[in-house]
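Going by our numbering, the sequence shown opens with residue 17, and the numbers climb by one from there.
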Amino acid sequence: MTAQMRRKTGNSTDPIILALPKGRILPEVMPLLTRAGIRVEPDFDNDRSRKLRFQTNIAGLTVVRVRSFDVATFVAFGAAHLGVAGSDVLMEFDYPELYAPIDLGVGRCRIAVAEPKELVANDDPSRWSHVRVATKYPETARRYFATRGVQAECIALSGAMELAPQLGLCTRIVDLVQTGATLKANGLAEIETIAEVSARLVVNRTALKLHPEAIGELVSRIQEAVDAA
């Protein structure tokens, strides 16, 4: 790994910034970074720390930790040069500024449609003409249903999706599903899969053009780590 990994803005020299997601994906991502030779300062693993920006063992490479749903936005708008984001987030925002060269093979789950289990036996999704769903993926849901000729009314929620049918907000939800245990515990059944999901390395296209050596080296290291997993 190069000793210095920096970008220049005006007369200042700023670090290359790697955005990592908080939450369930992070414990799966960190071993990949370790294999790639990227080690973050110890405070990163301190649950009591309020820091969001961390140094690494590589001079000129800084890590920031942000909400998983925000990684793509940080990278697309150039606040970070590259990051780790779920393909669900990439589908939802569809930023043209992003290049996703590597499927990291971790954080696997799916975006699915679910409804109360008592409806399943007599329901036929192929006959739907209109559907009302609660979801944090309104654009993904609209596009999916549009391909089937179904008009979708999407109610945007950021969490507790499983409550929406119970409280009469809607009949169905579109949500991220890993094991299905949460759906089952709330009386819901998965009826359709919209997309399989995994974590991806994403790169800002402009940053890659401006700093091909520094970013290209990071991408290569991470690809080697994935291949070795």
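Beta carbons are placed, not taken as given, at the ideal position from N, Cα and C, and that holds for glycine.
Spatial distance of residue i from residue j (CA atoms)
| i | j | result |
| --- | --- | --- |
| residue 57 | residue 90 | 21 Å |
| residue 144 | residue 174 | 25 Å |
| residue 153 | residue 31 | 33 Å |
| residue 191 | residue 167 | 18 Å |
| residue 183 | residue 202 | 12 Å |
| residue 40 | residue 85 | 12 Å |
| residue 54 | residue 63 | 20 Å |
| residue 198 | residue 178 | 8 Å |
| residue 147 | residue 140 | 12 Å |
Classification of residue i by the beta-carbon crowding that lies within 10 angstroms, buried from 16 upward
| i | result |
| --- | --- |
| residue 72 | buried |
| residue 93 | exposed |
| residue 65 | exposed |
| residue 149 | buried |
| residue 228 | exposed |
| residue 75 | exposed |
| residue 204 | buried |
| residue 97 | buried |
| residue 142 | exposed |
Per DSSP, the bridge partner or partners of residue i
| i | result |
| --- | --- |
| residue 235 | Residue 235 is not bridged to any residue. |
| residue 216 | 101 and 119 |
| residue 189 | 130 and 150 |
| residue 206 | 130 |
Contacting residues, own chain, Cβ-Cβ under 8 Å from residue i (five flanking each side not counted)
| i | result |
| --- | --- |
| residue 48 | 120, 122, 238, 241, 242 and 245 |
| residue 88 | 99, 101, 105, 106, 109, 111, 114 and 218 |
CB of residue i within 8 Å of CB of residue j, strictly
| i | j | result |
| --- | --- | --- |
| residue 224 | residue 111 | no |
| residue 45 | residue 125 | no |
| residue 155 | residue 207 | no |
| residue 101 | residue 37 | yes |
| residue 118 | residue 160 | no |
| residue 34 | residue 77 | yes |
Cβ-based neighbour list, residue i, same chain, cut-off 7 Å, excluding 5 preceding and 5 following
| i | result |
| --- | --- |
| residue 157 | 149, 151, 168, 170 and 190 |
Residue-level contact to chain B via CB, residue i, 8 Å cutoff
| i | result |
| --- | --- |
| residue 165 | In the displayed structure, chain B is absent; only one protein chain is listed. |
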